[in-house]
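Structure first, then comments.
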Amino acid sequence: MKEFLVYTALRILLFLAALGVVLGLWVLVAGEANLLAGFVIALLISGVGSYVLLNGPREALARKVDERARAATSRFEEMKSREDAD
9 MKEFLVYTAL RILLFLAALG VVLGLWVLVA GEANLLAGFV IALLISGVGS YVLLNGPREA
69 LARKVDERAR AATSRFEEMK SREDAD
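The numbering of the sequence shown is the working numbering, which starts it at 9 and goes up by one.
Structure follows, in structure tokens:
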């Protein structure tokens, strides 16, 4: 659960930082900000940025999910073999 929270928090922070930069630059250049366009541009920037910058936390989350899936499969197979033995 920790890995999920860390990765999600970092994604949100990266998006908010990108949004701040995009809207700040937009205001400096145009005098006012287009929120919808700024939101879309920040979403694209943060998506690419998270792919590059958040590789470590994403891998940690993937390992944790894989561990849990393997443990659940193992428990299921164990219960199934016990039922077959009865």
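Ideal Cβ placement from N, Cα and C applies to all residues, glycine included.
I'd like to check one pair, residue j with residue i: are the Cβ atoms closer than 8 Å?
| i | j | result |
| --- | --- | --- |
| arginine 19 | leucine 62 | yes |
| arginine 76 | tyrosine 15 | no |
Can you give me the C-alpha to C-alpha distance between residue i and residue j, rounded to a whole angstrom?
| i | j | result |
| --- | --- | --- |
| arginine 71 | serine 58 | 18 Å |
| valine 60 | glycine 28 | 20 Å |
| tryptophan 34 | alanine 41 | 6 Å |
| aspartate 92 | aspartate 74 | 27 Å |
| methionine 9 | glycine 64 | 16 Å |
| alanine 38 | alanine 45 | 13 Å |
Can you tell which of the options has the C-alpha that lies nearest to the C-alpha of residue i?
| i | options | result |
| --- | --- | --- |
| glycine 55 | Leu22, Glu40, Ala38 | Leu22 |
| leucine 13 | Leu69, Ala38, Val60 | Leu69 |
| leucine 24 | Ala80, Glu91, Ile49, Arg83 | Ile49 |
| phenylalanine 47 | Ala17, Gly39, Gly32 | Gly32 |
Here's a check: name, in chain order, each residue in its chain whose Cβ is nearer than 6 Å to the Cβ of residue i, leaving out the five neighbours to either side.
| i | result |
| --- | --- |
| isoleucine 53 | Ala26 |
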